[in-house]
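Read through the structure below, which is laid out as structure tokens, and then see the notes.
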Amino acid sequence: LSLLSLQEVTASSRHYVDRLFDLDPQKVLQGVIDMKNAVIGNNKQKANLIVLGAVPRLLYLLQQESSSTELRTECAVVLGSLAMGTENNVKSLLDCHIIPALLQGLLSPDLKFIEACLRCLRTIFISPVTPEDLLYTDATVISHLMALLSRSRYTQEYICQIFSHCCKGPDHQTILFNHGAIQSIAHLLVSTSYKVRMQALKCFSVLAFENPQVSMTLVNVSVDGELLPQIFVKMLQRDKPIEMQLTSAKCLTSMCRAGAIRTDDPCIVLKTLPCLVRMCSKERLLEERVEGAETLAYLIETDVELQRIASITDHLIVMLADYFKYPSSVSAITDIKRLDHDLKHAHELRQAAFKLYASLGANDEDIRKKIIETENMMDRIVNGLSESSIKVRLAAVRCLHSLSRSVQQLRTSFQDHAVWKPLMKVLQNAPNEILIVASSTLCNLLLEFSPSKEPILESGAIELLCSLTQSENLALRVNGIWALMNMAFQAEQKIKSDILRGLSTEQLFQLLSDSDVNVLMKTLGLLRNLLSTRPHIDHIMSTHGKQIMQAVTLILEGEHNIEVKEQTLCILANIADGTTAKELIMTNDDILQKIKYYMSHSNAKLQLAAMFCISNLIWNEEEGSQERQDKLRDMGIVDILHKLSQSSDPNLCDKAKTALQQYLA
């Protein structure tokens, strides 16, 4: 620290610290009590005392066996007060190893001291600068905290609060679950103290989040003869405080998403969903609107029926438009501090609205239409794509992706607003989670009926998508190749050549030997789309024939599922349809033997695909058909066709007869 700030440190602050070193225990105690009164609500004073080294001394006194219980308790109270200050204060306390000292204090027999230690631990753990893992470093801590739950309403409140702040992710959930958290905390939901009920409820909401094991257990737990879901439903009634309504709605939402409660259960349809919609009203505070919308988005994300119900509840779609206009609730407008806070956090509302719109429009065409017809919706999404907050950008892209599943909208609103421009911009060096959703959206914009296809091509999409196919991330590889596949569908020859050039043969082989079957199928789909219409087939096979035939051989010889082999035979059938390309098959005995093998395969789909190849090779009207027919007859193909013309499968039978007619004509 600079000298200046040390000079600012008042003599009185130094006087407080000096008294902690007095030899008379009574004077030390009085010094700690005076210090407690001096720091309450005084951040300047807190900072001064920390700078002057009060913390190590207070911790020393707290841990000294010779200190009286009263002194140790007062030390814990002062430390708790210091922790209430700024994040820097908490960092200073952590640096002095306050957590092990306080956890040690919990072993004391004295309840007042235990409560003071817990209160201080609670304050430290709810600070964002404290690593949650500090709670789990010693396995005995959790079981000791569980045991302390029965001591008093204060131990219950603080311990539940510590758990709900330190339970981040499945590992923590499992530790608490295995230590019997559910049974220990359940009865606290009917405590006489509101704070205890509330903290217990928060515990369940973080324990159950995205955790099927916890959710499935909660359904069957009862307290005083009443099942937990029923208790949660009572807690989300309109007369309960908002935070209680919201938190119990979150518990029920997690249980529903985990499959522990059905989506058509009245407690979801008639209680949870309407409660969450109420939270989206502009009467509510910003945080409540954000949490309400995000939880509702999660609840309805995968269920069409819930999406339909939500879309017609309380004019939700219109209500969400207010998220872009009124960051502050009606009641907060008189409070200048609140207004300032809400303006700073308005982006959270926008993010929540985009998320909920994305869930609402995930499946139903009519809902998408309603969303897009909401005032300036497309402009809002386009603006969202370029916001500085990554969360807003991600949510806006998700919303766009959801709406891009509509053929109708791709042809109209998406075109009118040239959505592809900001989308292409988002795709430049974005983080993976945005890239995945943005590239999925691009796939939809590249479908053949989408008018955005042309301008996207002109803006360098091929290069961008080819680079995605080289990503370490599987979802990005799939989306990159999928988008190229869509792009190649019924495209002109130049585009097809550009794609092949952009991908390079090495990369094509890389994709064809990808361990993921999705990547493989989409790559085959791309090849199939590239090899369509005769002039294109002949052109591509004249430049890339050798490599493509190698690739086909590779796959037909590999251990692949029926779908993959069928797709590969269809590619061969396309090649067989070329004028000059045919020769690449006719001069390749290995491939001809493979086609023959698949004609007699046990799977009808593969037989049919192989017959397409043969039909295209022997078709009469084409030059050289006679020689090709003779060669295939010598290979025994005609005998197989005769056998297949007797098949009980009508498709195979017809196809075989049609092929045999070529020989007779």
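All residue numbers for the sequence shown refer to UniProt numbering, where the first residue is 1 and numbers rise by one.
Even glycine gets a Cβ: it sits at the ideal position worked out from N, Cα and C.
Being a predicted model, the structure only gives us computed values, none of them experimental.
Where does residue i fall in DSSP's three states?
i, result
"residue 227", "strand"
"residue 542", "helix"
"residue 127", "coil"
"residue 222", "strand"
"residue 419", "coil"
"residue 177", "helix"
"residue 258", "coil"
"residue 461", "helix"
"residue 654", "helix"
"residue 1", "Interpretation of residue 1 is limited by its pLDDT of 46, a score under 50 that renders its predicted location unreliable; no figure is taken from the coordinates."
"residue 187", "helix"
"residue 211", "coil"
"residue 24", "coil"
"residue 198", "helix"
"residue 16", "helix"
"residue 664", "helix"
"residue 635", "coil"
"residue 326", "coil"
"residue 646", "coil"
"residue 204", "helix"
"residue 601", "coil"
"residue 370", "helix"
"residue 159", "helix"
"residue 279", "coil"
"residue 272", "helix"
"residue 619", "coil"
"residue 285", "coil"
"residue 456", "helix"
How about residue i and residue j: are their beta carbons less than 9 Å apart?
i, j, result
"residue 192", "residue 151", "no"
"residue 104", "residue 63", "yes"
"residue 36", "residue 89", "no"
"residue 551", "residue 617", "no"
"residue 117", "residue 108", "yes"
"residue 360", "residue 317", "yes"
"residue 229", "residue 219", "yes"
"residue 438", "residue 446", "no"
"residue 527", "residue 565", "no"
"residue 461", "residue 442", "yes"
"residue 206", "residue 167", "yes"
"residue 28", "residue 71", "yes"
"residue 735", "residue 355", "Absent from the model: residue 735. The displayed extent of the chain is 1 to 665, so no value can be given."
"residue 511", "residue 568", "no"
Just the C-alpha distance for residue i and residue j, rounded to the nearest angstrom, thanks.
i, j, result
"residue 432", "residue 478", "13 Å"
"residue 436", "residue 424", "13 Å"
"residue 183", "residue 156", "14 Å"
"residue 476", "residue 556", "26 Å"
"residue 440", "residue 400", "10 Å"
"residue 365", "residue 403", "9 Å"
"residue 456", "residue 600", "45 Å"
"residue 382", "residue 204", "38 Å"
"residue 15", "residue 199", "39 Å"
"residue 2", "residue 51", "For residue 2, the predicted structure reports a pLDDT of 47, less than 50, and the residue's modelled location is therefore unreliable. A value from the coordinates is still provided. Going by the C-alpha atoms only, they are around 12 Å apart."
"residue 613", "residue 485", "22 Å"
"residue 4", "residue 314", "Note on residue 4: pLDDT 44, under 50, position unreliable in the model; the coordinate value appears next. Each residue's Cα considered, the two are about 60 Å apart."
"residue 188", "residue 559", "57 Å"
"residue 388", "residue 339", "21 Å"
"residue 140", "residue 177", "15 Å"
"residue 545", "residue 584", "7 Å"
"residue 671", "residue 603", "Outside the modelled stretch of the chain, which goes from 1 to 665, sits residue 671, for which no answer is possible."
"residue 282", "residue 327", "9 Å"
"residue 295", "residue 253", "7 Å"
"residue 223", "residue 231", "9 Å"
"residue 651", "residue 608", "8 Å"
"residue 504", "residue 518", "20 Å"
"residue 521", "residue 593", "24 Å"
Discussion item. With a threshold of 8 Å, are at least 3 pairs of Cβ atoms found where one atom belongs to the region 239-250 and the other to the region 273-291?
Written reply: Touching, per the Cβ criterion.
Fill in: Any alpha helix (DSSP H) of 4 or more consecutive residues that is wholly inside the region 551-577
562-576
Item to complete: Enumerate, from N- to C-terminal direction, the unbroken alpha helix (DSSP H) stretches of 4 or more residues contained entirely within the region 494-551.
Response: 505-512 and 517-530
Worksheet entry | contact_flag[the region 587-598, the region 623-630] where n(CB pairs < 8 Å) is 3 or more | no
Worksheet item: Is the region 300-319 touching the region 271-279 in the sense that three or more CB pairs, one from each, lie closer than 8 Å?
Response: yes
Worksheet entry | Length at least 4, wholly inside the region 373-446: the alpha helix (DSSP H) runs in chain order | 377-384, 390-403, 407-411, 413-416, 420-426 and 432-445
Item to complete: Report the residue ranges of all alpha helix (DSSP H) runs contained in full by the region 132-157; include only those spanning at least 4 residues, in chain order.
Response: 139-148
Worksheet item: Could you give the uninterrupted runs of the alpha helix (DSSP H) lying entirely in the UniProt repeat "ARM" (53-89), keeping only those of 4 residues or more?
Response: 54-63 and 69-83
Item to complete: Answer yes if the region 250-264 comes into contact with the region 321-341, meaning at least three C-beta pairs across the two stretches below 8 Å, and no otherwise.
Response: no
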